[in-house]
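Position one of the sequence shown corresponds to residue 1 (the UniProt record's numbering), numbered consecutively onward.
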Amino acid sequence: MEIERRFLIDTLPNDALSHPFRMITQGYLNTSPAIRVRCDNDQYYMTYKGRKFKGSLAVEEYNLPLNKESYEHLLAKADGYIISKKRYLIPDQGYTIELDVFEGVHAPLIIAEVEFPSDEEALRYLPPSWFGEEITGKKGYSNSYLSAHTAPFSSN
1 MEIERRFLID TLPNDALSHP FRMITQGYLN TSPAIRVRCD NDQYYMTYKG RKFKGSLAVE
61 EYNLPLNKES YEHLLAKADG YIISKKRYLI PDQGYTIELD VFEGVHAPLI IAEVEFPSDE
121 EALRYLPPSW FGEEITGKKG YSNSYLSAHT APFSSN
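If you want it as structure tokens, here you go:
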């Protein structure tokens, strides 16, 4: 299960890109339900993202570890665009902001995600002043949507 809030970023604070980051590359084998393969630095896995739980921010999510060869085999079968991004990890109020700086066809898109243990904590969270429009639940900014589209992005 995943509970997160997502925000567009227009202007980064001066120190944002000085934080540790991971390189993420992912492709989608299916978008509804979302089935993706991901390389996160040197870890490989397949993720199933299912339905959103009614009345909640929570989304069903399952990860299956892969080896490099399986990842590369499945990535070659992915539909649409391969997503590449640097994910910076920024501490904030006891949480971690995952700042995704997209590369390639999705540049200059920047999205911040914050994950929470409960809906209540997610709803209480006060985003930093440098966060832009909240895009939680907006299909046009989901990674599965981005795998089939380039800029301009949609707030749907």
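Where a beta carbon is used, it is the ideal one built from N, C-alpha and C, also for glycine. Owing to the predicted nature of the structure, the values given are computational and were not obtained by experimental measurement.
Note on the UniProt domain "CYTH" (1-151): whole alpha helix (DSSP H) runs with a minimum of 4 residues are 68-75, 119-124 and 143-146, in chain order. Around the beta-carbon of Phe7, 16 or more other beta-carbon atoms lie within 10 Å, marking it buried.
As the crow flies, the alpha-carbon of Tyr88 is around 13 Å from that of Ile9. Taking the C-beta atoms as reference points, Met46 is found no nearer than 8 Å to Leu17.
Here the alpha carbons of His19 and Val101 stand approximately 13 Å from one another.
The beta-carbon separation of Lys77 and Leu29, rounded to 6 Å, stays under the 8 Å limit for a contact. CA-to-CA, the gap between Gly132 and Tyr95 works out to about 18 Å.
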